[in-house]
Structures are given as C-alpha cells and as structure tokens.
C-alpha cells in the first residue's frame, strides 16, 4: 500500500503546563527540560536510525569508491556521478521517468475526478460499491502487478482473451499478444496498472474534498440558474483546489518512487528499456553500488524538491505550529 | 433525483466496482485452476480445484507467510509503542522543540524507503541485520511512524483535556488518566493506526527485497518474486499464497476505510 499523508488538524490551544523551568532547584530544571525526551525520545531515535542514518550513508556511498564485495576504497569526489552520466541509457531512462510520472498522475487525477463525482451521488448500495474501490489500495501493489502480468499472458491471459473476443487482437499467442515483451507496449500497460492502483486513494481524497464543500454554495448556484457543468467548473473545482493539490503531490511522489509494478511485470527489461530512474537505480546496484548511490542522491534531490512543494502547498491550511 | 437516473448511476458504479475487484477475483480463479488447465485460453476453468490452498502450507510458503506475519505484527507493536507517547505529549503540551519534532515527523512521512534503498542496505548490512526479521521490523516501523503519530495526535487533540484533569482530581495519577480516560476515547485512532501500519508492513516489498536473500528469511512478497524468476513458474501456489495474503487485508482495510479517509481529510482538505 502506498503511504498516505495525513496532516493532522492543528491541536486546540491547550494552555501550556506551567513549566517548572524558572522556579525550582537546578535539578528540577534539568528534569523539566528532559521530560519531553521521555515521551518523544523513542520516536526520534527510531526516525534517526531508520530514516536519517540511511540518508547520510547514501550520500557517503555516492562519493566513495566501493568495490564489488562492499569494501570502501575511500573518497572519490564526483567520480560516481560522472560514471552515471556516462551511462549510455541514462537519457532514455530519465525521459521515460518523466513520461511515466506525468502520464500516470494526469490520468489518475482525471479518472479520480470522474469517479469521485459518480461515487458522491446517492444510489442504493453505495457503501458496497465504494468498498470495492479500496481493494487495490489495500492489496499489495506487487501482487496486483503480478496478477496483471498473468492476465496479459500472450496465450491464456484474461485481458488477451477479452481483446481477442472483441476483435482487437486477431490471434492469441502471437508476438502481438505478448504486450510485455515489447518495451513500448509494456510501458503503456504498466502505466495502466499504476493508474489502477493510484485511483482508490485519489478518489477518496477528492470525495472527502467534495464532502467538505458546504451545501449552501450549491443552493446559491441553483438560485442563480447555473448549469451543472458551470456549477462544477466555477464552484466545485475551485473549492476542491486544496484537495487536488495535495492529491497531485502525493501521487507524484508515489509514482516517482514506484518500484513493484515495473519490477513484477518486466523488471525494467529487456535490459533497461522499460526502467524508470528508480528501477535503474536498483539495476545499477548489482554492478556498482556507488553509482547506484549517486543516482539515489539525484532521485533524493528530486524528492526533496517535491517535499518542499508539498509543505508549501499544505502549509496554508495545516500549520505545524506551537 | 429520478429513479431511472439512480439506476443508471448504480449500474455504472457497480461496473466500476467490479472492475476494481476483477484482478483479485482473477487471482483466486488462477489459484483454483486444475493443473492441466492452467494455461487454457478460457475465462474460467471447467472445474475449481482448491488443492493449491492445501498444499500451499507444505510447499514452504507457509513459513514465508509466517515471516510476513511476524514482521507486520512486530512493526505494528513497535510503532504503537513509540508513537502513542509522542502523539500524546505533542497533543497535550507545548514545549521547546515541539514544532521541530512535528516537522521531522512530517518530513519522514514524505520519504519513501525506495528513495534511499542504498543507504538502508549499507546500514543494515553493517549492523548485521540483513536476513533478519528484526531489520525488517525496524525499517517498517520507522517509515510508518509518521502516519500513526499524526492520526493519534489528531484523535488525542480532539479529546477535551478537562476529562483527564477530572480523572486526576479523582485520584488517578497522570498515567492512570492516560490509560483509563484518554486511551479508550482515542481507541478508534489507535485501531486505525494499528491496522494501517500492519497492512503497510504486510505488503512491503522493496526493502525486504534488498535486505533478505535467504529464502527461509524472506517474507511472502519477496519469495513470490523469486518464483517469477524461476524457469517454471509455479503459478498455482503463487496465486494461492497471494490470495491468502490479499483477501484478509482487503477486509481489514474496509474496517478502517472511513477513519483513514477521515484522517486523510482532517488536515489535507480543511
């Protein structure tokens, strides 16, 4: 499941506990300053050891010469980055990643906007229908991708049988039916799977946004005689903007970091012809872990830029304040 | 709204719902195909053969399911142990460094392990925690801590502090008030954090892929990945195991669906 971002609402202004800080003996003062650590210390330790230490090690590895068995031969400056730039397929991988992110996120947003409208209507059995929508969100993305690979089997895959039945595919078991065997076709099918697994979270985020829009603005629009499409464009979409912004950024990050879909369906192959930068980083790891680290640093830089954008976008509504 | 419109909407929505369930139905059907019909070009087999679900346990995959279970349970326990006090304290007190701490949590929420695989690999190999359940528990807990902390913080913040004060006055200590008043009221948040973390760790793939090379120490997702690389793919057992791993998780997620959405909307939309 993709991690989801929750911005908790700002805590209500609880009156601060009078700190023992200024009064009391020095011993009490030290205790007061240390007290928070007893509560949040374990969380800090966990974050440092699992999230921050790897970041440091990743940067270190990117600037060191590491041999095949993992022995560190010392600092080498930008050599790993230069080696990375000399990779003949780097340009193609980067271009493919841009296409992958832009197409998956755009298609996800458009589909989710439509689905959110549909699932926001009142009809019998809405809860059951909404419940079905969460399946790809709850299930392992890796296993979902494996099932799609199975359904695209050239001879016996469900999707191919269907395409054959409706006349799109002339014959089963041919090279044409082997979608995942051809890099360009494989990429489009994998984009489809990525959209499929991204839709549930996005639709739910938009649904929540829709429900947060007060009913009276719609009543006003009805009184003014606005058409449904006009109402959607001039009222719903502008009021959904914050929800959409957050959904877009979370999706960009998830899709950029997405690994299991491509890994399960083509493993980035043949060669690296269906690899994104994330898959390419993993492929490089077996030949040169230092070069792989260099690419990780680049990927990481991109993620940081996205995080900053996200914080800016979210900052207006949910302050991490004291 | 007219009745016809309602029916059209319902049919559309059920169609979409069916489409989203289809891959998981295909998973179960593939697992139940008789061995001789595995590669038949038919939507459904001539009969269902459930033996893969029985032989699954003797095929060794049962042990890998067990590892997934231990990792997910361990990570969930650790996350709750660590996030509950942090969420409680940040919800109830203003202290120096509170903003910095909440920002740190928020930022780690953005980082995905995939982006720093090389660093995780170097650290855990150096610590000797590769091929170990403990390594996976730690990583999964670390990357799911943020969600739990945020949602618990939101729940605890919404509980009036007066309730705790009343309990304290009535003779319960601060810890007693926390355990007997706050925790029961925040229980929906705790359950949400619990199930969410469990599912995330249960489904985790990339970190386990780089940290476990010994098939006896691999969680289910990783050992299934090695099936895919085999010369003859044992699709029957692969999908039987996938179905056993997937169906309970979808049901569990349905239990918290509303609250996850509530948690997601809490700050993201208002």
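Residue numbers (our numbering), protein chains in the order written: chain H, 24 to 345; chain L, 3 to 272.
All C-beta atoms in this analysis are idealised placements derived from N, C-alpha and C, irrespective of residue type, glycine included.
Remember, it's a predicted structure, so these values are computed and weren't measured experimentally.
Where residue i sits in the DSSP three-state scheme
| i | result |
| --- | --- |
| residue 88/H | strand |
| residue 260/L | helix |
| residue 95/H | strand |
| residue 12/L | helix |
| residue 259/H | helix |
| residue 227/L | helix |
| residue 166/L | helix |
| residue 174/L | coil |
| residue 324/H | helix |
| residue 155/L | helix |
| residue 97/L | coil |
| residue 172/H | helix |
| residue 226/H | helix |
| residue 274/H | helix |
Residue-level contact to chain C via CB, residue i, 8 angstroms cutoff
| i | result |
| --- | --- |
| residue 335/H | Looking for chain C here will not work: the only protein chains present are H and L. |
Pick from the options that is closest to residue i, judged by C-alpha positions
| i | options | result |
| --- | --- | --- |
| residue 141/H | 254/L, 242/L and 17/L | 17/L |
| residue 92/H | 311/H, 221/H, 315/H and 111/H | 311/H |
| residue 270/H | 256/H, 322/H and 227/H | 227/H |
| residue 29/L | 169/H, 137/H and 135/H | 169/H |
| residue 222/L | 181/L, 188/L, 64/L and 49/L | 64/L |
| residue 158/L | 171/L, 188/L and 142/L | 188/L |
| residue 114/L | 141/L, 104/L and 214/L | 141/L |
| residue 91/L | 221/H, 208/H and 62/H | 62/H |
| residue 127/H | 90/H, 317/H, 215/H and 273/H | 215/H |
| residue 73/H | 80/L, 69/L and 163/L | 80/L |
| residue 11/L | 119/H, 318/H and 149/H | 149/H |
| residue 202/L | 78/L, 162/L, 214/L and 217/L | 78/L |
| residue 21/L | 120/H, 75/H, 48/H and 158/H | 158/H |
| residue 1/L | 7/L, 186/L, 61/L and 173/L | With chain L represented from 3 up to 272, any question about residue 1/L goes unanswered, as that position is not in the structure. |
| residue 258/H | 199/H, 211/H and 238/H | 238/H |
| residue 65/H | 44/L, 39/L, 185/L and 103/L | 103/L |
Rounded separation between residue i and residue j - CA only
| i | j | result |
| --- | --- | --- |
| residue 34/L | residue 93/L | 50 angstroms |
| residue 52/H | residue 82/L | 30 angstroms |
| residue 105/H | residue 275/H | 27 angstroms |
| residue 85/L | residue 169/L | 23 angstroms |
| residue 191/H | residue 326/H | 40 angstroms |
| residue 130/L | residue 224/H | 36 angstroms |
| residue 107/L | residue 123/L | 22 angstroms |
| residue 233/H | residue 186/H | 36 angstroms |
| residue 15/L | residue 245/H | 26 angstroms |
| residue 153/H | residue 230/H | 11 angstroms |
| residue 118/L | residue 288/H | 23 angstroms |
| residue 151/L | residue 58/H | 19 angstroms |
| residue 291/H | residue 306/H | 8 angstroms |
| residue 216/L | residue 229/L | 14 angstroms |
Neighbour-count burial assignment, residue i, 16 or more Cβ in a 10 Å radius
| i | result |
| --- | --- |
| residue 98/L | exposed |
| residue 13/L | exposed |
| residue 9/L | exposed |
| residue 252/L | buried |
| residue 335/H | exposed |
| residue 147/L | buried |
| residue 165/L | exposed |
| residue 41/H | Summary for residue 41/H: the model assigns pLDDT 45, below 50, so the residue's position carries little reliability; its value from the coordinates is reported in the next sentence. Residue 41/H comes out exposed. |
| residue 26/L | buried |
| residue 218/H | buried |
| residue 5/L | exposed |
| residue 233/L | exposed |
| residue 137/L | buried |
| residue 110/L | buried |
| residue 265/H | buried |
| residue 259/L | buried |
Proximity below 8 angstroms, CB of residue i to CB of residue j
| i | j | result |
| --- | --- | --- |
| residue 77/H | residue 121/L | yes |
| residue 100/H | residue 86/H | yes |
| residue 54/H | residue 278/H | no |
| residue 315/H | residue 301/H | no |
| residue 174/H | residue 284/H | no |
| residue 200/L | residue 74/L | yes |
| residue 163/H | residue 247/L | yes |
| residue 176/H | residue 313/H | no |
| residue 206/H | residue 297/H | yes |
| residue 102/H | residue 23/L | no |
| residue 192/L | residue 154/L | yes |
| residue 138/H | residue 222/H | yes |
| residue 225/L | residue 116/L | no |
| residue 41/L | residue 134/L | no |
| residue 54/L | residue 242/L | yes |
Cβ-heavy atom distance, residue i to the ligand NAP, below 7 angstroms
| i | result |
| --- | --- |
| residue 200/H | Absent from the structure shown: the ligand NAP. Ligands present: none. |
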